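One structure is given here, and the rest of the page talks about it.
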Amino acid sequence: MTPALARPKWQLIRYALYLIPLVFLFLVPQLFAQNPFLLNVLILANIWAIFAMSWDILSGYTGQISFGHSFFIGLGGYTSALLSLATGWSPWLTIPIGGVVAALGGLILAAPALRLRGPYLALITLVIALALQRLVPMLNLSSSGAEGAILCFPKCFISYNVTTKYYYSLILLALVTVGLLLVARSRLGRAFEAIRDDEEAAAAAGLHVSKYKSLAFLISGFVAGLGGAFLVNHMTFASSGLVLSLNVSIEVIIAAVLGGMGTIIGPIGGAYFMVVLREYLRPLGIWRFFIFTLLAILVLFFLPRGLFTELRLRLRQFWRQLFPSTPVSYRPLQAAADQADGAPRPLQSVPSPKQAGDASDWLLEVKDLRKAFGGLLAVNKMSFGVHPGEILGFIGPNGAGKTTVFNLIMGLFHPDGGQVRFRGREITGWLPHRVVGAGIARTFQIPRPFAHKTVAENVAIPALSGRHFARSRSIRREEWVQRCCARTGLLAKADIYPSELPDADLRRLEIAKALATDPELLLLDEPFAGLSLAEMEEISQLIERLRREGHAIVLVDHNMRGLMKLVDRVVVINFGEKLAEGRPDQVAENQDVQEAYLAGGGR
Amino acid sequence: MSTLAEILISGFLISSLYALVAVGFTMIFGVAGVMNLAHGAFVMVGAYIAIWAATMMGWNIYLAFSLAIIGMALFAPLVYRLLVRPISKRPVIVFLITLLLAVLLEQTMALLFSTTPRILPRLVTGDIYLLGINISYNRIVASLIAVGIIGLLWFTVQRTKTGQAILALSMNRKGAALVGIRAERITLLVWAISGALAAVAGLFSASFLGISPLGDRLPLVIAFSAVVLGGLGSIPGSLWAAFIIGYAETITAQFFPEARGLVSLFILIVILTIRPQGLLGREIA
Chain A
1 MTPALARPKW QLIRYALYLI PLVFLFLVPQ LFAQNPFLLN VLILANIWAI FAMSWDILSG
61 YTGQISFGHS FFIGLGGYTS ALLSLATGWS PWLTIPIGGV VAALGGLILA APALRLRGPY
121 LALITLVIAL ALQRLVPMLN LSSSGAEGAI LCFPKCFISY NVTTKYYYSL ILLALVTVGL
181 LLVARSRLGR AFEAIRDDEE AAAAAGLHVS KYKSLAFLIS GFVAGLGGAF LVNHMTFASS
241 GLVLSLNVSI EVIIAAVLGG MGTIIGPIGG AYFMVVLREY LRPLGIWRFF IFTLLAILVL
301 FFLPRGLFTE LRLRLRQFWR QLFPSTPVSY RPLQAAADQA DGAPRPLQSV PSPKQAGDAS
361 DWLLEVKDLR KAFGGLLAVN KMSFGVHPGE ILGFIGPNGA GKTTVFNLIM GLFHPDGGQV
421 RFRGREITGW LPHRVVGAGI ARTFQIPRPF AHKTVAENVA IPALSGRHFA RSRSIRREEW
481 VQRCCARTGL LAKADIYPSE LPDADLRRLE IAKALATDPE LLLLDEPFAG LSLAEMEEIS
541 QLIERLRREG HAIVLVDHNM RGLMKLVDRV VVINFGEKLA EGRPDQVAEN QDVQEAYLAG
601 GGR
Chain B
604 MSTLAEILIS GFLISSLYAL VAVGFTMIFG VAGVMNLAHG AFVMVGAYIA IWAATMMGWN
664 IYLAFSLAII GMALFAPLVY RLLVRPISKR PVIVFLITLL LAVLLEQTMA LLFSTTPRIL
724 PRLVTGDIYL LGINISYNRI VASLIAVGII GLLWFTVQRT KTGQAILALS MNRKGAALVG
784 IRAERITLLV WAISGALAAV AGLFSASFLG ISPLGDRLPL VIAFSAVVLG GLGSIPGSLW
844 AAFIIGYAET ITAQFFPEAR GLVSLFILIV ILTIRPQGLL GREIA
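From first to last, the protein sequence lines stand for chains A and B.
Here the working numbering is used: the first residue of the first sequence is 1, the next is one more, and so on.
Here the working numbering is used: the first residue of the second sequence is 604, the next is one more, and so on.
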């Protein structure tokens with residue numbers, strides 16, 4: 001019954017497949033006992049795999065591209081080396097501490113990074129790493145080496161033989177891999193992906209974007225710091241060139257991108273490929289770096305998706321050719337379930353709709369809201385309210401400021417003045433996730449599904465925000481997601497990707513996502529735009545049904561006709577100000593409204 | 604007094620070279636939407652072309668300089684056409700590949716010319732004694748040429764059709780293409796200009812600071828700092844920023860020589876944190 005979230009059995013088989021290379025790697029010292037060079041290379045490969053995965057969880061999974069991972073690696077490495085030098089503690093103590101310090105470094109880096117996107121984010125990570133690289137040699141950390149190097153601190157892996165070190169590195173790699181895979185497959189991982197795919201939509205789904213981004217920096221920093229500390233103990237020295245230089249950051253990214261961004265597993269392969277290539281090119285002397293760089297450019301240029309992703313796609317194609325099967329995405333049987341499941345869900349007491357009520361029972365109350373963009377006053381003196389259980393039409397010509405008002409209510413913009421109250425509580429200027437948590441959800445005018453997720457997975461993202469868990473612990477999330485799909489008539493398409501959905505279904509998906517946050521108030525931004533008459537009728541019925549189930553709804557449109565029989569009251573705005581308010585028939589006769597629409601060229 | 608004069612004059616000299624580097628970098632970002640992380644390496648390659656021609660082949664210095672400038676004006680568009688354009692839809696890969704290209708160019712120069720620092724012969728010789736300090740004519744000529752080039756560029760962008768096309772393209776690529784601007788041709792031109800500017804900066808800095816292939820990536824850091832400080836894609840912004848950073852660097856070099864290069868990084872971090880769109884940049888939401 002749970003089409004989207006049922007895990008096929010062969011998922012387990014796939015995980016079991018991952019064990020094969022692991023077992024092989026555990027046997028390597030037995031198989032190649034007489035080849036310490038290979039073991040040394042593989043130790044480095046394991047460490048670089050840890051680096052690459054730490055990069056991937058932040059950049060591949062969460063979309064926060066870091067070009068300065070040497071910042072974390074260096075922090076971890078130097079912390080371990082300096083602690084060892086100062087206190088003589090065992091590596092098994094200083095390595096985790098190195099990880100913790102790097103994790104804190106991640107939080108520090110997250111502070112500016114939260115405000116930045118795309119190239120700016122990449123830049124500041126690059127710049128902070130460069131700054132650390134320049135700063136460390138100036139600090140005179142130790143007299144034992146030039147360029148900030150710390151040589152042969154007393155407690156490191158110097159007494160271990162290469163096989164022991166190899167096993168330690170392999171165990172650390174396995175632990176990190178399992179840990180990161182667990183993160184990636186957990187709620188956290190899904191939130192990370194949602195933020196990568198569409199940050200604003202993730203916020204509208206009730207996710208605390210800054211918190212999740214900081215967590216990504218924290219986790220990534222911790223893992224990279226562990227790896228850095230391990231590397232320093234393995235090499236028995238810490239130096240700028242080993243852990244701090246820009247080349248380290250570049251190599252980490254090469255490994256991760258080569259393997260396949262956003263796959264966690266892929267970067268391990270990328271790191272092995274890269275490190276083995278790098279080390280076996282050593283005999284080439286000064287040509288080594290040249291050839292290595294050239295090869296890296298070529299591989300990235302021709303396989304930008306990465307080896308792992310390419311391989312997976314090829315395998316899948318091959319698999320499909322071997323076993324041509326009916327597409328799994330559409331299951332006609334479920335269509336009937338859609339019809340049957342009316343999903344009566346009176347979790348909240350259903351207030352009787354169309355109450356004339358006075359100002360005291362506003363569900364949402366907006367007072368004197370104001371917002372200017374530069375010299376343009378987008379919203380001014382905007383006051384209106386929504387009763388529990390009513391459908392309010394919020395209409396105005398294009399550019400009147402309707403969406404801006406939504407964004408102000410949802411906390412996407414900060415208002416310059418005025419108040420927003422929800423259930424009597426002031427929520428002005430709250431961040432989106434808190435507004436969603438309070439019980440307001442919105443849809444976007446242009447549907448913004450998370451493209452790489454199925455319908456059910458899309459709906460599962462807002463369900464992460466966990467509001468409904470607080471209200472009713474009895475419902476499992478799978479069930480909840482299914483119910484939201486059913487209520488919007490999407491159950492039969494739960495396993496389809498958004499790119500395969502027709503426009504009307506994308507609108508349903510928007511509504512399903514909003515419903516998944518368990519809102520009391522739904523803000524629907526032009527749910528009818530571009531739909532055919534028949535589709536409009538369907539969506540109208542859906543909205544009517546949602547109202548019967550107890551949701552208050554604000555419906556934005558610039559077209560009055562479609563709304564008239566659906567809405568209880570209408571607020572008309574133009575040029576960011578309220579023009580009229582009242583019952584639909586009253587408003588339609590209003591002189592100002594007619595003028596605005598005729599003069600504005602709309603209808 | 605002479606310290607102040609030293610700061611004022613060498614600050615101006617260094618800033619005008621920074622401006623050349625920064626303008627080239629910001630133009631490419633504006634028009635092609637690409638952060639060319641190999642820009643710093645272009646500066647170095649330009650200098651090495653001239654070193655090859657002047658000191659190894661014994662060419663006339665003017666000829667060597669011209670060869671370097673023309674060489675880079677051809678090389679940069681080639682990089683765009685062969686390496687950047689095919690992957691331009693993947694910004695991470697572009698970032699990475701241009702960075703790797705920088706490393707590759709450094710390695711190439713190291714293989715061809717060894718890693719020992721070299722000095723390019725001066726364009727003009729002689730010194731002048733001014734305000735209590737010695738300044739070589741070469742430095743004066745360098746900054747005059749830099750300022751002249753920037754002025755010329757300014758005039759081109761503001762007053763000619765091509766310049767207006769460049770501006771339009773940096774504002775809205777699709778829109779510009781729709782009104783009949785040949786986006787591809789203009790983009791190639793901008794890469795050529797950017798390469799030539801990098802070469803000029805490389806020539807002069809190599810003639811009074813010397814150059815080595817595996818340097819500290821200072822030009823790249825400078826270009827970054829100036830461009831981000833000024834606002835990505837804003838030519839006047841990057842000019843202002845180049846002078847702010849140039850003077851900040853000169854003052855630091857005077858009093859805390861070991862902190863050279865750190866100041867621009869520090870400015871960059873502060874700016875990115877407080878005002879990521881830069882001094883004159885448009886806000887990107």
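Glycine included, each C-beta is placed from N, C-alpha and C at the ideal position.
Only a predicted model underlies this, so the values are computations on that prediction, with no experimental measurement involved.
Any C-beta of chain B sitting closer than 7 Å to the C-beta of residue i?
i, result
"A/F289", "yes"
"A/R442", "no"
"A/V127", "yes"
"A/M53", "no"
"A/M138", "yes"
"A/A201", "no"
"A/L130", "yes"
"A/P29", "no"
"A/I297", "yes"
"A/I250", "yes"
"A/L300", "yes"
"A/P527", "no"
"A/I195", "no"
"A/Q355", "Low confidence applies to A/Q355: its pLDDT is 44, below 50, so where it sits in the model is not reliable enough to give any reading."
Could you pull out every residue in the same chain whose Cβ sits closer than 7 Å to the Cβ of residue i, ignoring the five residues on either side in sequence?
i, result
"B/Y854", "Reading off the sequence, residue 854 of chain B comes out as Ile, not Tyr. The residues are I610."
Nearest to residue i by CA position, among the options, is which residue?
i, options, result
"A/N458", "A/A204, A/L523, A/L114 and A/V386", "A/A204"
"A/K371", "A/E577, A/A33 and A/D197", "A/E577"
"A/R424", "A/G106, A/K213, A/P388 and A/N380", "It is Gly, not Arg, that sits at residue 424 of chain A in the sequence shown. Closest by alpha carbon: A/P388."
"B/A676", "B/A809, B/L800 and B/I814", "B/L800"
"A/H208", "A/P462, A/L501, A/P584 and A/L579", "A/P462"
"A/C484", "A/I496, A/Y497, A/E510 and A/G189", "A/E510"
"B/V626", "B/L791, B/W757 and B/V782", "B/W757"
"A/F444", "A/L17, A/G393, A/D525 and A/A45", "A/D525"
"A/E200", "A/S249, A/E365, A/P449 and A/D361", "A/P449"
"A/L521", "A/A378, A/E310, A/R548 and A/P36", "A/R548"
"A/L307", "A/P267, A/Q317, A/R434 and A/C156", "A/P267"
Between residue i and chain A, is the shortest Cβ-Cβ distance under 7 Å, so that the two count as touching?
i, result
"B/V637", "no"
"B/L871", "yes"
"B/T853", "no"
"B/V648", "no"
"B/T876", "yes"
"B/V626", "no"
"B/V682", "no"
"B/L685", "no"
Can you name, in chain order, every residue of its own chain whose Cβ lies under 8 Å from the Cβ of residue i, other than the five neighbours on each side?
i, result
"A/S352", "Any reading at A/S352 must be qualified, since the residue scores a pLDDT of 43, below 50, and its modelled position is unreliable; the value itself is stated next. G389, listed in sequence order."
"A/Y280", "V41"
"A/L531", "D503, A504, R507 and I539"
"A/P304", "V257"
"B/F698", "M638 and L640"
Within its chain, find whatever has a CB closer than 6 Å to the CB of residue i; leave out the 5 residues flanking it on each side and keep chain order.
i, result
"A/N590", "A580"
"A/A337", "Low confidence applies here, because A/A337 scores a pLDDT of 42, under 50, leaving its location unreliable and the question unanswered by this model."
"A/A229", "G76, G77, S80, I95 and G98"
Ordered list of beta strand (DSSP E) runs contained in the stretch 638-706 of chain B, each at least 3 residues: none
Near-chain B residues of the stretch 260-293 of chain A - C-beta to any C-beta below 8 Å: M261, I286, W287, F289, F290 and T293
Members of the stretch 700-714 of chain B that neighbour chain A once the beta carbon cut-off is set at 9 Å: I700, L702, L703, L704, V706, L707, E709, Q710, T711, A713 and L714
Residues from the stretch 97-122 of chain A in contact with chain B, defined by Cβ distance under 8 Å: A111, P112, R115, L116, R117, G118, P119, Y120 and A122
Short-range partners of chain B found in the stretch 410-438 of chain A, where Cβ spacing is below 7 Å: none
Entirely enclosed beta strand (DSSP E) segments - the stretch 510-552 of chain A, minimum 3 residues: 521-525
In chain order, each beta strand (DSSP E) run of at least 3 residues that lies wholly inside the stretch 394-469 of chain A: 417-422 and 440-442
Short-range partners of chain A found in the stretch 687-699 of chain B, where Cβ spacing is below 8 Å: P689, I690, R693, P694, V695, I696, F698 and L699
Sequence ranges, alpha helix (DSSP H) only - wholly within the stretch 706-770 of chain B, length at least 4: 740-762
Where the stretch 163-193 of chain A meets chain B: residues whose CB sits under 8 Å from a CB there: none
Minimum length 3: unbroken beta strand (DSSP E) runs contained in the stretch 556-602 of chain A: 569-574 and 577-582
Chain B contacts from the stretch 521-552 of chain A (Cβ-Cβ distance under 9 Å): none
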